[in-house]
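Q:
In the working numbering, the protein residues as written are 242 to 584.
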């Protein structure tokens, strides 16, 4: 008997849910997002594997997606349906026993004791398919980091095991952004230091990175390269650190007063969201994306934690005034950051 972590990752989840309703679209490039009209502004929420082969991913602007994949079928996003499908999947996983940590609407970690981890992973896949008609990939690891990375190697609808014994063999020659938690910006900074692969990073002294990345992040990056992760699988839901709303305009805003009016509206919506959740904000952040797709943020700390709409609006207006606003604006967002949880 061994204890392992499974990372269950639903394959092309949003598209897969849509294909249950539109089976005639199987095998075709399908993109889900916005109103389903690629002539309007919005971004891709889900892309089929056929569409991904054309270079379209989640987050790609709809118009860009249409130019890269002109033969794609566009469908409107239906979040309520996806949430319902996700709930069915998580219910199916809970019925299998073990400890379940829901990590998102299309992924979860499971801590299980098993005599055959690969067979258990296949049982998980069968349970999900029988209950929901959806396919999933399962990564097996001796911690959450390795299980998460393993599920990427398992796609689509496969099983892959990554643990200490095969970590170097599998990971050493891969680029650093193959590590869960290392994004493109961090990978670029590492590359500038001559650290291009996971193996390079693993051979780096922790102290060498502490100066640029900080005394916590620097050593953590090196630990990641060795596959270390002490984060437990837990059934406790992760507390949201912020509540935010944003809007992409169908026509660019050029009038500053229009921008201020939109920030006021978003601030009041965020305040209502906080009231529903019985939360307060400690800081308000405004996000601006201009017509060149450059995205920037400015934040303002509140005198004391609050969910008062007028207080949030004042802080958001102050943050907005810190932008030059000399370009047309295509997106505005307001985010309320919550007080840090006491430990």
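Ideal placement from N, C-alpha and C gives every residue a C-beta, glycine not left out.
Just so you know, these numbers come straight off a predicted model, no measurement behind them.
Using 8 Å as the Cβ pair cut-off and three pairs as the minimum, do the region 459 to 477 and the region 536 to 553 touch?
A: Because the criterion of three Cβ pairs below 8 Å is not met, the region 459 to 477 and the region 536 to 553 do not touch.
Q: Counting only runs that start and end within the region 283 to 353, where is the alpha helix (DSSP H) found for 4 or more residues in a row?
A: If we require 4 residues or more, the alpha helix (DSSP H) runs fully inside the region 283 to 353 come out as 290 to 293, 303 to 309 and 320 to 335.
Q: Quick check on the DSSP output: the beta strand (DSSP E) that includes residue 528 runs from which residue to which?
A: The residue you call residue 528 lines up with position 287 of the chain shown. Counting along the chain, the beta strand (DSSP E) containing residue 528 begins and ends at 522 to 531.
Q: CB-CB under 8 Å to residue 192, same chain, minus the five flanking residues each way: which ones, in chain order?
A: No answer is possible for residue 192: it lies beyond the span of the chain, which begins at 242 and ends at 584.
Q: Go through the region 367 to 409 residue by residue and report every complete run of the beta strand (DSSP E) that reaches 3 residues or more, in order.
A: 377 to 382 and 400 to 403
Q: Smallest Cα separation from residue 266: which of 439, 366, 313 and 566?
A: Taking the first residue of the chain shown as 1, we reach residue 266 at position 25. Considering only alpha carbons, the answer is 313.
Q: Does residue 493 come out as helix, strand or coil in the three-state DSSP assignment?
A: Locating residue 493 in the chain shown gives position 252, counting from the first residue. Of the three classes helix, strand and coil, the one that applies to residue 493 here is strand, per DSSP.
Q: Counting only the same chain and skipping the five closest in sequence on each side, list residues whose C-beta sits under 6 Å from that of residue 431.
A: Numbered from its first residue, the chain shown carries residue 431 at position 190. The answer, listed in chain order, is 417.
Q: My understanding is that residue 247 touches residue 281, with C-beta atoms under 8 Å, so please give their C-beta distance in whole angstroms.
A: The sequence position of residue 247 within the chain shown is 6, counting from 1. The sequence position of residue 281 within the chain shown is 40, counting from 1. Rounded, the Cβ-Cβ distance is 40 Å, inconsistent with contact.
Q: So what's residue 473 in DSSP terms, helix, strand or just coil?
A: By 1-based counting over the chain shown, the position of residue 473 is 232. If DSSP states are grouped into helix, strand and coil, residue 473 belongs with coil.
Q: Quick check on residue 247: does DSSP put it in helix, strand or coil?
A: The count along the chain shown starts at 1 and reaches residue 247 at position 6. Looking at residue 247 - three-state DSSP - the assignment turns out to be strand.
Q: Taking all protein chains shown into account, do 16 or more other C-beta atoms lie within 10 angstroms of the C-beta of residue 378, making it buried, or fewer, making it exposed?
A: In the chain shown, the residue the question calls residue 378 occupies position 137. By the 10 Å Cβ count, residue 378 comes out buried.
Q: In or out: residue 496 buried (at least 16 other Cβ within 10 Å) or exposed?
A: Sequence index remark: in the chain shown, residue 496 carries index 255 (1-based). Residue 496 comes out exposed.
Q: From the DSSP output, in three-state form, read off residue 460 for me.
A: Looking up residue 460 in the chain shown gives position 219. Residue 460 falls in the helix class under three-state DSSP.
Q: Cβ of residue 447 within 8 Å of Cβ of residue 356?
A: Taking the first residue of the chain shown as position 1, residue 447 is located at position 206. Taking the first residue of the chain shown as position 1, residue 356 is located at position 115. Result no, Cβ atoms of residue 447 and residue 356 do not sit closer than 8 Å.
Q: Roughly how many whole angstroms lie between the Cα atoms of residue 330 and residue 256?
A: Taking the chain shown and counting its residues from 1, the one referred to as residue 330 is at position 89. Taking the chain shown and counting its residues from 1, the one referred to as residue 256 is at position 15. Going from the Cα of residue 330 to the Cα of residue 256 covers about 15 Å.
Q: Tell me the DSSP secondary structure of residue 544 in three-state form.
A: Working through the chain shown from its first residue, we reach residue 544 at position 303. In this structure, residue 544 counts as strand in the three-state DSSP scheme.
Q: Tell me the rounded alpha-carbon separation between residue 487 and residue 532.
A: As a first step, residue 487 must be located in the chain shown, where it is residue number 246. As a first step, residue 532 must be located in the chain shown, where it is residue number 291. Using only the alpha carbons, I get a separation of about 16 Å.
Q: So the beta strand (DSSP E) residue 413 belongs to, where does it begin and stop?
A: Residue 413 sits at position 172 when you count from the first residue of the chain shown. First-last for residue 413: undefined, no H or E at that position.
Q: When the Cα atoms are used, what is the spatial distance from residue 474 to residue 400?
A: Here the question's residue 474 lines up with position 233 in the chain shown. Here the question's residue 400 lines up with position 159 in the chain shown. Approximately 20 Å between the Cα atoms of the pair.
Q: Quick one, are the C-beta atoms of residue 381 and residue 358 less than 8 Å apart?
A: Position 140 of the chain shown holds residue 381. Position 117 of the chain shown holds residue 358. In this structure, residue 381 sits near residue 358, with a CB-CB distance shorter than 8 Å.
Q: Please classify residue 438: does DSSP put it in a helix, a strand, or coil?
A: Looking up residue 438 in the chain shown gives position 197. If DSSP states are grouped into helix, strand and coil, residue 438 belongs with the strands.
Q: Using the Cβ count rule (16 or more neighbours within 10 Å means buried), how would you classify residue 534?
A: As a position in the chain shown, residue 534 is number 293, starting the count at 1. Exposed: under 16 other Cβ atoms inside 10 Å.
Q: Have a look at the DSSP bridge pairing and note the partners of residue 577.
A: By one-based count along the chain shown, residue 577 stands at place 336. In the DSSP assignment, residue 577 is bridged to 484 and 525.
Q: Let me know the secondary structure DSSP gives residue 269 once reduced to three states.
A: Counting from 1 along the chain shown, the entry for residue 269 is found at position 28. Coil at residue 269, not helix or strand.
Q: If we count the other Cβ atoms within 10 Å of its Cβ and call it buried at 16 or more, is residue 472 buried or exposed?
A: Translated into the one-based positions of the chain shown, residue 472 becomes position 231. Residue 472 is exposed by the Cβ-count criterion.
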